[in-house]
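Positions 270 to 424 (my numbering) are the ones given, in order, by the sequence shown. Let me begin by presenting the structure, written as C-alpha cells, before commenting on it.
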Amino acid sequence: MTATPGAAAPAGATPSREAAADAGGIPPTLADVALDCGTIERVLAGARFRQRGVLAEPEGLALLAAAGLGVPRHVVIESAAACAALPDPPLPGAARVVLKIVSPEVLHKTEVGGVAVLANAREAVAEAARAMAARLPATSLAGFLLAEYVPHAPG
270 MTATPGAAAP AGATPSREAA ADAGGIPPTL ADVALDCGTI ERVLAGARFR
320 QRGVLAEPEG LALLAAAGLG VPRHVVIESA AACAALPDPP LPGAARVVLK
370 IVSPEVLHKT EVGGVAVLAN AREAVAEAAR AMAARLPATS LAGFLLAEYV
420 PHAPG
C-alpha cells in the first residue's frame with residue numbers, strides 16, 4: 270500500500286518514500302542518502318593502517334561528510350607557521366572560528382589547551398596556533414583544524 274503524498278498513512282501502513290519526504294524531508298532509509306563510499310573506504314583504511322583505534326578529527330569529519338551528514342566548514346593547517354599563508358579572514362562569512370590541535374596522542378584537546386574560539390582573523394589564528402604548539406612536543410602535533418564556530422545551547 271502506498272500513501273498519497275501529503276496525506277497521513279492509514280494505521281499500520283508504511284508510508285512511501287515520497288510521502289515521508291513530503292512529511293519532513295528526512296530520508297526514511299540509508300538507500301536515500303548519497304554515500305561517498307570511496308572516501309569512507311579511504312578514511313577507514315588509513316585508520317586501520319595506523320592501528321590507533323581512533324580517528325583524528327579531520328578523518329571523523331571526512332567520514333561524516335562522506336556519509337551525507339553536514340559538518341562545519343573547516344581546513345587542516347599543517348603547522349603554526351603555515352597560518353601565515355591563510356587568507357584573511359581564514360573562513361569567509363564566519364564571525365568566529367574554532368582552532369583545535371590535531372594529534373594522534375591527544376584525545377581530550379581541552380585538557381592540554383588545544384582548543385580556542387577566536388575571531389575569524391589570520392593573526393588571531395596564527396597567534397593561537399603558536400601558543401598551542403609551544404605547549405606540546407612537536408612529535409605529538411600533526412597540525413591544526415580550523416572550523417567555523419557553530420553556536421549551540423549550553424549544557
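Ideal Cβ positions, reconstructed from N, Cα and C, are used throughout, including at glycine.
The continuous beta strand (DSSP E) containing R365 extends over residues 365–371. Residue pairing by DSSP places E417 opposite V366 in a beta bridge.
Distances from the alpha-carbon of S409 to those of E347, A397, R365, L338 put E347 closest.
In this model, L360 and E396 are separated by some 16 angstroms (Cα to Cα). Around the beta carbon of V394, 16 or more other beta carbons sit within 10 angstroms, so the residue counts as buried.
In its chain, beyond the 5 residues on either side, A395 have a beta carbon closer than 7 angstroms to the beta carbon of A353. A354 is bridged by DSSP to nothing; it lacks a bridge partner.
Per DSSP, A388 is one residue of the beta strand (DSSP E) stretching across 384–388. Per DSSP, V344 is one residue of the beta strand (DSSP E) stretching across 343–346. Between V302 and G337, the CB-CB gap stays under 7 angstroms. Here G412 carries a strand assignment [DSSP, helix/strand/coil]. Sequence-distant partners of M401 (beyond 5 residues in either direction) whose C-beta falls short of 7 angstroms from its own C-beta, in its chain, are I370, G382, G383. A residue is called buried once 16 or more other Cβ atoms fall within 10 Å of its Cβ, and A422, having fewer, is exposed. Residue nearest to L387 within the set P358, G307, G322, P327 is P358 (criterion: CA-CA distance). Between the alpha carbons of G329 and P420 lies a gap of roughly 20 angstroms.
In this structure, L304 and A335 form a Cβ contact; the two beta carbons are roughly 7 angstroms apart against a cut-off of 8 angstroms.
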